[in-house]
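This report concerns only the one structure given below.
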Amino acid sequence: MAFIQVRDVHKSFTTANATRHVLRDVSLDIEHGEFVSIVGAMGSGKSTLLSLLAGLTMPDRGTISIGGEPLRGVHRQAAFVFQNYSLLPWFTALENVRLAVEAAFPDLTRDQQMMRASDALANVGLANAIHRRPRQLSGGMRQRVALARAIATEPQVLFLDDPFGALDALTRETLQQELAGLGSQSDRRVTTVMITNSVEEAILLSDRIVPFVSGPPLDYARGALSKVERAPATLGAAIPVELARPRSVAQLAHDEQATHVRAHVIATLTTAAGRRRPPAAASNAPSAVLQAVAKETP
Amino acid sequence: MTKRIVHFVLPLCGIAMAIGAWWIASCMVPDLPSPARTWEESKVYILEPLTKRGETDQGILLLAYYSLVRVAQGFLLGIAIATPIGFLLGVSSTLTRMFDPIMQVLRPISPLAWLPLGLVLFQKSEPAALFAIAVCSMWPTVINTMLGVRAIPQDYWNVAKVLRLSKMTTFTKIIVPATLPYMFTGYRLSLGIAWLVIVASEMLTGTPGVGGFLWQEYNSLVYAHILLAIITIGVVGFALDRLMGLAEAKLRAV
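Below, the structure written as C-alpha cells:
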C-alpha cells in the first residue's frame, strides 16, 4: 500500500445559487519519500486537491489515507507551505517558526524550541533576520520563513501550495534551487506533494509529475458561452522524471531527457486544455494555451 | 509656511469665529454671559485648578479628576464585560443569533433611563453611576470585537489548523492579536460614550464632578460657570479621544 493513497475522491462546493463540481474520481498513490508535483492551469482545482490531502477540507466521496491510516483532519506529521506565506504579522520570523515548533514538540523547553527555530531559519539563510517581522522582509525572505516553519517541525509529509508562485523570476529560481538542495542533503527524505503551474519547477524538483486535466466545458452544446462551466477536473497519467540529482535549472535547459519530459507534460496539459476550448478555436489551441501557461508564470 | 497656516492658523480662525458667534448671541440673550464675563467669573476655577473650597466649589482640574476617576471605573467595568462577550459572539454564530435582538434593543437606551434602574438595584448613587456608564459604553466594544474576530482572514485559521495549535494557543497567539486593532477602536468609541454618560449621571445623582458642578451652578443661577463646565467637558473628551487614538495608532504600527 502506498504511503499516501487517494481513492475516487470527489469534491464540490455549493454556493447560494449553484453547485460547482471541482474534482471527479481522483485517485493517486504517492510512495514514502517521493516528491510529486501536481501541474495544471490556475483555477483547475489543484489547491482543492492539496487542501484535501492536508486535511484542511473533507472530500464529499472517496477516501484518503496517509501511512495506512484514513485521514481525519490535519495529519500529525504533516507541514504545509502556503502560496501567500501566511506568516503571522505580529510575530518576528523566529516567533513564527517557534510557534510551529512549540505545537510539534511541546515537551521541549522554551530554549530548545528557540534553538530549533533559529537553526531552521539559519538553514534557509535567514540567520541575520530572525528578529524581523514579516513586513520588514521581502517576498522571497517571507517564503523562506514559511519554509523554515514547515521544516522545523520535522514533518513526514510536506505539502507545498505553489510555494514560489508569488515571487519574481530570479528569487523563484534561487529558492527552487535551495529547496532541491534541502531535499537532497537531509538523510531522511520527506514525502512531498507540490502544486505548481510551472513545468520547469516541477521537472527540477520532482520524482513524478501528475498533470491536472480539466474536463470539457459542459454547456457548449447549449451555446451559453457567457457562463461556461467546466466539468470537474481529474488527474492525467503520471509522468516519471528519472533525472539524476542534484539538478540545476541551467543543466535542465539543455538536457535531452528533460526536454523529453517537458514536451510530454506540456502535450498532456495542452490536449487537456484544448478540449476546454470551443471547436472553432481548437485548431490553434496549443499555441494559445502555451501563451496562457507562460502568462500564468509570474 | 503653508503647512503652518493649515495646521495652526486655520483652527485658530475657527475658534475666533465661534467665540464671535457666542459674543453676538450673548448680546441678544440677556441671561447668556459674554465670553469676557464668563472668563471674569470663572478664572478663579481655572487659575487655581486644584483648590478645594467646598464640596462642589473646587478647582476645575479637581472636578475633572473626580469625573475622570468615575469614568475610568465605569469604562473599565464596561470593557471587562464587553470584550469576552465580543469574542464569544465573534466565534459563535449561534450565540450571535441568540443575543443579537437583545443587543439591538438595549443599545439605544439612554443613560438617563439606566440610572434610575441602577439606583433601584444598588440603592446608592455611586454604583448606580458606574452601572449606567458600563451598560451604555459597552456596546461599541462588543460589536467591534465581534467584527474583528469575524474579519480574521481564512489564512490565519488555516495556519492554526496546519500547525495543529490547541484552542488556547489559537486564542492567545492568533485570535487576540488579529482582533486587537478592532478591539481598540471599540475601546475608543466606548470611552467617548462613557464620558457622555458621566455628565448625565452626575447631574442626576448630584455627586461632585464636572457634571455635578454644572447642575449645581445652574440651580444657583451662575450661568457663566455652566459655560465653563461645558467647555471643560468638551476639552477633556477631546483629549481622551486623542489619547486613545494615539494608543490605537501605535498598535496598528506594530
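Chain order of the listed sequences is A and B. Going by my numbering, the first sequence opens with residue 1080, and the numbers climb by one from there. Going by my numbering, the second sequence opens with residue -3, and the numbers climb by one from there. All C-beta atoms, glycine included, are put in the ideal place defined by N, C-alpha and C.
Option in the options with minimal Cα separation from residue i
i               : options                            : result
T1098 (chain A) : A:H1089, A:S1106, A:V1105          : A:H1089
G1147 (chain A) : A:A1248, A:A1157, A:Q1084, A:R1140 : A:Q1084
G82 (chain B)   : B:F127, B:R146, B:H221, B:M199     : B:R146
L1200 (chain A) : A:F1184, A:V1180, A:L1187          : A:V1180
I194 (chain B)  : B:L59, B:D27, B:G55, B:R0          : B:L59
A1229 (chain A) : A:T1253, A:V1289, A:N1207, A:N1202 : A:N1202
S1144 (chain A) : A:S1106, A:L1314, A:T1127, A:W1169 : A:S1106
L1331 (chain A) : A:L1166, A:G1244, A:S1130, A:Q1256 : A:Q1256
G1260 (chain A) : A:R1326, A:R1103, A:E1279          : A:R1326
L102 (chain B)  : B:G86, B:G55, B:L91, B:S133        : B:S133
Y178 (chain B)  : B:S63, B:R248, B:G230              : B:R248
W153 (chain B)  : B:V87, B:V116, B:S216, B:A130      : B:V87
I15 (chain B)   : B:H3, B:R33, B:K(-1), B:F4         : B:R33
L113 (chain B)  : B:V131, B:Q100, B:V2               : B:V131
T166 (chain B)  : B:I148, B:N215, B:G182, B:A68      : B:I148
M1121 (chain A) : A:A1329, A:A1337, A:A1312          : A:A1312
V155 (chain B)  : B:G144, B:M142, B:I170             : B:I170
T1347 (chain A) : A:T1338, A:F1184, A:F1291, A:H1333 : A:F1291
E1279 (chain A) : A:R1341, A:A1206, A:D1104          : A:R1341
V232 (chain B)  : B:E36, B:A68, B:D53                : B:A68
D1247 (chain A) : A:R1189, A:V1272, A:G1218, A:T1171 : A:G1218
W18 (chain B)   : B:I75, B:W35, B:A243               : B:W35
A174 (chain B)  : A:A1183, A:T1338, A:P1168, A:V1272 : A:P1168
A190 (chain B)  : B:N215, B:I229, B:S162, B:E213     : B:I229
G70 (chain B)   : B:T47, B:L91, B:F127               : B:F127
S38 (chain B)   : B:V218, B:D151, B:T181, B:L72      : B:V218
Q1215 (chain A) : A:D1190, A:T1253, A:F1170, A:M1193 : A:F1170
P110 (chain B)  : B:L200, B:I11, B:L236, B:N215      : Here the sequence assigns Trp to residue 110 (chain B), which means Pro is not the residue at that position. Looking at the Cα atoms, B:L200 is the closest of the given residues.
Neighbouring residues, chain A, relative to residue i (Cβ below 9 Å)
i              : result
P173 (chain B) : L1167, P1168, W1169, F1170
For residue i, the residue or residues it bridges with in DSSP
i               : result
R1287 (chain A) : A:V1115, A:P1319
F1238 (chain A) : A:F1159, A:V1272
A128 (chain B)  : A128 (chain B) is not bridged to any residue.
I77 (chain B)   : None, per the DSSP bridge assignment.
R1100 (chain A) : Here residue 1100 (chain A) is His; the residue named in the question, Arg, does not match the sequence. Beta-bridge pairing links H1100 (chain A) to A:S1091.
R1140 (chain A) : A:H1089
D1108 (chain A) : A:Q1084
I1145 (chain A) : A:I1083, A:E1148
T1313 (chain A) : A:V1292
K(-1) (chain B) : According to DSSP, K(-1) (chain B) bridges with nothing at all.
K48 (chain B)   : B:Q54
Cross-chain neighbours of residue i in chain B, by beta carbon under 7 Å
i               : result
V1153 (chain A) : K157, V158, R160
Residue i: contacting residues in chain B (beta-carbon distance under 8 Å)
i               : result
F1184 (chain A) : Chain B residues near F1184 (chain A): none, gap ~12 Å exceeds 8 Å.
L1178 (chain A) : L159, L161, T165, K169
Under 8 Å from the C-beta of residue i: neighbouring residues of chain A
i              : result
Y152 (chain B) : S1165, L1167
Partners in chain B for residue i, counting only beta-carbon separations shorter than 9 Å
i               : result
L1135 (chain A) : N154, K157, V158
F1161 (chain A) : D151, N154, V155, V158
7 Å Cβ cutoff, residue i in contact with chain C
i               : result
V1236 (chain A) : Reference to chain C is not applicable here, since the protein chains of this structure are A and B.
Residue i Cβ short of 6 Å to the ligand ADP heavy atom set
i              : result
V116 (chain B) : Here there are no bound small molecules, and the ligand ADP is not part of this structure.
Report task. Could you say if the region 180 to 198 of chain B and the region 131 to 142 of chain B meet the contact criterion of at least three C-beta pairs nearer than 8 Å? Result -> yes
Query raised in the report: Should the region 1223 to 1234 of chain A be regarded as contacting the region 1111 to 1129 of chain A, the criterion being three or more beta carbon pairs within less than 8 Å?
Result: By the C-beta criterion, the region 1223 to 1234 of chain A is judged not to be in contact with the region 1111 to 1129 of chain A, since fewer than 3 inter-stretch pairs fall below 8 Å.
Requested in this report: Would you be able to state if there are at least three C-beta pairs under 8 Å between the region 215 to 225 of chain B and the region 16 to 34 of chain B?
Outcome: yes
Report task. Mind listing, in chain order, the continuous alpha helix (DSSP H) runs of no fewer than 4 residues lying wholly within the region 108 to 194 of chain B? Result -> Counting only unbroken stretches of 4 or more residues, the alpha helix (DSSP H) elements lying wholly within the region 108 to 194 of chain B are 121 to 146, 150 to 158, in sequence order.
Query - the region 110 to 121 of chain B in contact with the region 1118 to 1138 of chain A per 3-pair CB rule at 8 Å - result: The way I'd put it, the region 110 to 121 of chain B doesn't touch the region 1118 to 1138 of chain A; fewer than three beta-carbon pairs between them come closer than 8 Å.
Query - Contact between the region 1277 to 1292 of chain A and the region 1313 to 1321 of chain A (3+ Cβ pairs under 8 Å) - result: yes
Query - Segment contact, 8 Å Cβ cut-off, at least three pairs: the region 1149 to 1164 of chain A with the region 1230 to 1242 of chain A - result: As far as the Cβ criterion goes, the region 1149 to 1164 of chain A touches the region 1230 to 1242 of chain A, which means the pair count is three or higher.
Report task. Kindly confirm or deny that the region 202 to 216 of chain B and the region 61 to 72 of chain B touch, where touching means at least three C-beta pairs closer than 8 Å. Result -> yes
Query raised in the report: Three or more beta-carbon pairs under 8 Å between the region 156 to 164 of chain B and the region 1174 to 1193 of chain A, yes or no?
Result: Output reads yes: the region 1174 to 1193 of chain A touches the region 156 to 164 of chain B.
**Report entry** Segments of 4+ residues assigned as alpha helix (DSSP H) that fall wholly inside the region 1159 to 1206 of chain A
**Finding:** Whole alpha helix (DSSP H) segments, 4+ residues: 1172 to 1183, 1189 to 1202.
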